[in-house]
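A.B. asks: Going by UniProt numbering, the residue at position 14 of the sequence shown is 14; the numbering climbs one at a time, nothing skipped. Virtual Cβ for every residue (Gly too), placed ideally from N, Cα, C. Take this structure first; my questions come after.
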Amino acid sequence: MSAVLIPLPDALTNLVAAALCGALLGLNRQFHRKPAGLRTHAMVALGAALAVLTISRVAGADSGDVSRIMQGTVTGIGFIGAGVIIHHTEKDRVEGLTTAASIWLAAMLGLACGAGQWQLAGGALVLALVILMFGGRLEKTLTRKLVSTEERGGAANDPGHTP
1 MSAVLIPLPD ALTNLVAAAL CGALLGLNRQ FHRKPAGLRT HAMVALGAAL
51 AVLTISRVAG ADSGDVSRIM QGTVTGIGFI GAGVIIHHTE KDRVEGLTTA
101 ASIWLAAMLG LACGAGQWQL AGGALVLALV ILMFGGRLEK TLTRKLVSTE
151 ERGGAANDPG HTP
């Protein structure tokens, strides 16, 4: 099996794109004063892209090797994300889930950039930023409406509800 040498300028473009994708996600988390910000997200995405590019250069275009790198990244990043999740037993509250998910997504964006999947990475990044920017407000609005429905009697008072 021969190595597939991606030209260095292309490989560097992949790495820069991955770091930028991660940085944009991290910027949102940093803006919201979360524990993992721009640097963490950029480094995670950069590392994931580097893993894909390195295995592509060493093992060639063997999809099995690239697949194993991706599987390992998906699993390994979960442990980093777990580090930002905090469970407050006295408040019965969990914090850090969105940041953990964004760290995981930064790795996936890095994998996509490392593999040269620009449209996929760009589309996922745009969707992620929309979710991070507007998802919280939407969630609060829907929660308020659902809580007010429950306070009025909830589904039991709905005309279509059968006990």
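Classify M70 as buried or exposed, calling it buried when 16 or more other Cβ atoms lie within 10 Å of its own Cβ.
C.D. replies: By the neighbour-count rule (16 or more Cβ atoms within 10 Å), M70 is buried.
A.B. asks: Going by CA-CA distance only, name the one from T98, D65, L46, A121 that's closest to Q30.
C.D. replies: Per the Cα distances, T98.
A.B. asks: I'd like to know whether the C-beta atoms of L12 and A106 end up nearer to each other than 8 Å.
C.D. replies: No. Outside cutoff.
A.B. asks: Under the rule that 16 or more other beta-carbon atoms within 10 Å means buried, what is A156, buried or exposed?
C.D. replies: With a pLDDT of 46 at A156, under the threshold of 50, the modelled position of this residue cannot be trusted; read the value that follows with caution. Burial call: exposed.
A.B. asks: When the distance is taken between beta carbons, is A18 closer than 8 Å to A49?
C.D. replies: Yes, the Cβ-Cβ distance between A49 and A18 is below 8 Å.
A.B. asks: In whole angstroms, what separates the C-alpha of P159 from that of R144?
C.D. replies: Below a pLDDT of 50, predicted positions are generally treated as unreliable, and P159, at 44, falls in that range; no measurement from the model is reported.
A.B. asks: Measure the alpha-carbon distance for A124 versus S148 and round it to whole angstroms.
C.D. replies: Each residue's Cα considered, the two are about 34 Å apart.
A.B. asks: Out of M133, D10, T89, V66, which one is the CA nearest neighbour of S102?
C.D. replies: Comparing Cα positions, the closest option is M133.
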